[in-house]
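Quick notes on the structure that follows.
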Amino acid sequence: MQDDSGKEAPRSPAVTTATAAQVVYVTATFPYFVLIVLIIRGATLEGSLQGVAFYLTPDWGRLANAQVWNDAASQIFYSLGIGVGGLLSMASYNKFDNNVIRDTLVITTGNCCTSFFAGFAIFSILGHMAWKKGVPVGEVADTGPGLAFVAYPEALALLPGSVFWSIMFFLMLFMLGIDTLFGNMEGITTAVLDEFPQLRANALHKSMFLGALCFRLLPDGSPGGIYWFTLIDSFSTSFGLIIITLFMCIGISFFYGVNQFCQDILDMICHCPPWCGKVLLYFKACWVFCTPFLLLFILTYIFIEMYNTSLHYGSYVYPRWGKALGVCIGATCCLQILIWAIVAVSKETGTLKEKSIRPLNSWRVNNTNVATRAQESLEAERVEAPFTVTLTDMDFTAMTWEVGSEA
Numbered sequence: 016m017q018d019d020s021g022k023e024a025p026r027s028p029a030v031t032t033a034t035a036a037q038v039v040y041v042t043a044t045f046p047y048f049v050l051i052v053l054i055i056r057g058a059t060l061e062g063s064l065q066g067v068a069f070y071l072t073p074d075w076g077r078l079a080n081a082q083v084w085n086d087a088a089s090q091i092f093y094s095l096g097i098g099v100g101g102l103l104s105m106a107s108y109n110k111f112d113n114n115v116i117r118d119t120l121v122i123t124t125g126n127c128c129t130s131f132f133a134g135f136a137i138f139s140i141l142g143h144m145a146w147k148k149g150v151p152v153g154e155v156a157d158t159g160p161g162l163a164f165v166a167y168p169e170a171l172a173l174l175p176g177s178v179f180w181s182i183m184f185f186l187m188l189f190m191l192g193i194d195t196l197f198g199n200m201e202g203i204t205t206a207v208l209d210e211f212p213q214l215r216a217n218a219l220h221k222s223m224f225l226g227a228l229c230f231r232l233l234p235d236g237s238p239g240g241i242y243w244f245t246l247i248d249s250f251s252t253s254f255g256l257i258i259i260t261l262f263m264c265i266g267i268s269f270f271y272g273v274n275q276f277c278q279d280i281l282d283m284i285c286h287c288p289p290w291c292g293k294v295l296l297y298f299k300a301c302w303v304f305c306t307p308f309l310l311l312f313i314l315t316y317i318f319i320e321m322y323n324t325s326l327h328y329g330s331y332v333y334p335r336w337g338k339a340l341g342v343c344i345g346a347t348c349c350l351q352i353l354i355w356a357i358v359a360v361s362k363e364t365g366t367l368k369e370k371s372i373r374p375l376n377s378w379r380v381n382n383t384n385v386a387t388r389a390q391e392s393l394e395a396e397r398v399e400a401p402f403t404v405t406l407t408d409m410d411f412t413a414m415t416w417e418v419g420s421e422a
């Protein structure tokens, strides 16, 4: 298989793409089944309407809270996989002329609709929990990991047949974890194998790399793992990913050129439906204006909140050195932009400006091949006649008369 740049797309060391697709058929559909069952069960409980009302009623005053913007950005970045590389790695297995605009609309719309749909399953049961305790829904609804691993399991424990519902819920979380692991591992392994292609030929080296990566995650399974998770989640998935995405957006829109980028997309799609061009205009406005300013706004809010408040999980307040460690983790992610930009530029030829803003040589070769195949297709449909035929109006009149006489 080839990626969008024309090179051979690397296969995942852990599982092939075909095998992963077969597993995803189960892991991606089972959570929807569980959500539907939980929504139906939650709708039959006392107090569920209060929970749904709490879920759907906006609190506009909380928009002034920086933590709300931080949580919203972290959630959408995490759920869509923005800035991580998983989507880019998965997309590298597509054909060069795949309709990326259609895929973008399907992924983003499906993700947001699923998140909205899942909210009814969560808050209907939390509403029942609040009704049973005689407290407002806001007092039982937790934030972050506490919602999935503390508040919601506690609410399930109050239901008749709580063991069954708990098994279904945590089995759903397990399935979602597998899906997330596919995307994250694919992004990591593809990036490493692209930079060190010699690892592809040695299965032992690939296995050792994956083993070392997973071994690093063992502390997260310890009693103090939730504190490490909160530390990393609060910094690397907040300002770290936002800075990475901001640089990506600015680099494409203002250095490479948003018009050239849109033209590259149209060249890849080849046969572009009219609606794709209209959607691309909306994307262009987002890339140039909306997204950079919104990311800068959220980033400013995050830095203000980070400076003025302490990091905590539950009642535990992180020491200053712990907060400094989190900042270093986020800064390390951002430092990769400069390092790998220098590496990528050093591999190209031409002036510094040309190497910095023009596409890779592999992209130009692949794009030329697509144009050549399209031209060859048109040439194949052309029929060369060994003589010239000139028709007049009399010929068409006679032809009509002959057809009419035969009828």
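Straight run, no breaks: the sequence shown in our numbering ends on number 422.
By construction, the Cβ of each residue, glycine as well, lies at the ideal position given by its N, Cα and C atoms.
Computed from a prediction, not measured in an experiment: that's the story for all the values here.
Subject >> Neighbour flag for residue 305 against chain C, beta carbons, 8 Å >> reply: Of the protein chains in the structure, only one exists, and it is not chain C.
Original post:
Measuring from the CB of residue 331, is there a heavy atom of the ligand MG at a distance below 7 Å?
Top reply: This structure does not include the ligand MG; it has no bound ligands of any sort.
Original post:
Can you name, in chain order, every residue of its own chain whose Cβ lies under 7 Å from the Cβ of residue 395, other than the five neighbours on each side?
Top reply: Because residue 395 carries a pLDDT of 48, less than 50, the predicted location of this residue cannot be relied on, and no value is offered for it.
Original post:
So which of 120, 129 and 163 has the shortest CA-CA distance to residue 141?
Top reply: Comparing Cα-Cα distances from residue 141 to each of 120, 129 and 163, the minimum goes to 163.
**OP:** Go ahead and pull the three-state DSSP assignment for residue 328.
**Re:** Of the three classes helix, strand and coil, the one that applies to residue 328 here is strand, per DSSP.
**OP:** For the alpha helix (DSSP H) holding residue 121, just list the boundary residues, first then last.
**Re:** For residue 121, the uninterrupted alpha helix (DSSP H) run begins and ends at 115-148, by DSSP.
Subject >> Helix, strand or coil at residue 314 [DSSP, three-state] >> reply: If DSSP states are grouped into helix, strand and coil, residue 314 belongs with the helices.
Original post:
Where are the alpha helix (DSSP H) runs, 4 residues long or more, that stay fully inside the stretch 150-190, in chain order?
Top reply: Runs found: 152-155 and 167-171.
Original post:
If you drop the 5 nearest sequence neighbours on each side, which residues of the same chain put their C-beta closer than 7 Å to that of residue 82?
Top reply: The beta carbon of residue 82 is closer than 7 Å to those of 320 in its chain, skipping five residues each way along the sequence.
Original post:
Between the stretch 291-309 and the stretch 52-68, are three or more C-beta pairs nearer than 8 Å?
Top reply: Counting Cβ pairs under 8 Å, fewer than three are found: no touch.
Original post:
In chain order, what residues of the same chain lie with their CB nearer than 7 Å to the CB of residue 416, ignoring the 5 residues before and after it?
Top reply: Residue confidence for residue 416 is low, a pLDDT of 41 falling below 50, so the modelled location carries little weight; the figure read from the coordinates is stated next. Exclusion of the five residues before and after residue 416 leaves no residue of its chain whose Cβ lies closer than 7 Å to its Cβ.
Subject >> Start-end ranges of the alpha helix (DSSP H) lying completely within the stretch 29-82, minimum 4 residues >> reply: If we require 4 residues or more, the alpha helix (DSSP H) runs fully inside the stretch 29-82 come out as 32-58 and 63-71.
**OP:** Can you say whether residue 393 is buried or exposed, counting buried as having 16 or more other CB atoms within 10 angstroms of its CB?
**Re:** Confidence at residue 393 is low in this model, with a pLDDT of 43, below 50, so its placement is unreliable and the value that follows should be read with caution. So residue 393 counts as exposed.
Original post:
If you draw a straight line from the alpha carbon of residue 333 to that of residue 326, how long is it in whole angstroms?
Top reply: Those two C-alpha atoms are separated by around 6 Å.
**OP:** Rounded to whole angstroms, what's the CA-CA distance from residue 293 to residue 301? Just pull it up for me.
**Re:** Going from the Cα of residue 293 to the Cα of residue 301 covers about 13 Å.
Original post:
Roughly how many angstroms lie between the CA atoms of residue 98 and residue 92, to the nearest whole one?
Top reply: A direct Cα-Cα distance of roughly 7 Å separates residue 98 from residue 92.
Original post:
Between residue 26 and the rest of its own chain, which residues show a CB-CB distance below 6 Å, the 5 nearest in sequence each way excluded?
Top reply: Caution applies to residue 26, whose pLDDT of 46 falls short of 50 and renders its modelled position unreliable; the value that the coordinates give is listed next. Non-local C-beta neighbours of residue 26 in its own chain, meaning closer than 6 Å and more than five positions away in sequence, are absent.
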